[in-house]
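In what follows, a structure is listed as structure tokens, so that the remarks can point back to it.
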């Protein structure tokens, strides 16, 4: 394995641990399919300001981390 492959593997390992911690910090959404029909409060204060809350930030970090994880895994596949 080349040096760049090793470096990318270490970064992928660190990212996987961080992504696991971020996912575990998110609140439990045990509503299941019952939450599908409960979208009547789309104009509520919570839905408008969700992005600036801690939960909104964790969701954003999860999306970014997942995308980075996918990209790094593909790069490792090409360089290894």
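Numbering (the UniProt record's numbering), first residue to last: 1 to 80.
Virtual Cβ for every residue (Gly too), placed ideally from N, Cα, C.
Predicted model, so just to flag it, every value in this text is computed and none were measured.
Within 7 Å: the Cβ of residue i and any heavy atom of the ligand SAM?
i: residue 68; result: Although the ligand SAM was asked about, the structure shown includes no ligands whatsoever.
Assuming the contact rule is C-beta atoms closer than 8 Å, residue i and residue j should be a hit. Round their C-beta distance to whole Å, please.
i: residue 58; j: residue 25; result: 6 Å
Taking all protein chains shown into account, decide if residue i is buried (16 or more other Cβ within 10 angstroms of its Cβ) or exposed.
i: residue 8; result: buried
Quick check on DSSP: helix, strand or coil for residue i?
i: residue 80; result: coil
i: residue 1; result: coil
i: residue 9; result: helix
i: residue 16; result: helix
i: residue 52; result: helix
Determine the closest residue to residue i out of the options, with distance taken between C-alpha atoms.
i: residue 16; options: 68, 60, 79; result: 68
i: residue 54; options: 27, 5, 71, 64; result: 27
i: residue 65; options: 14, 52, 79; result: 14
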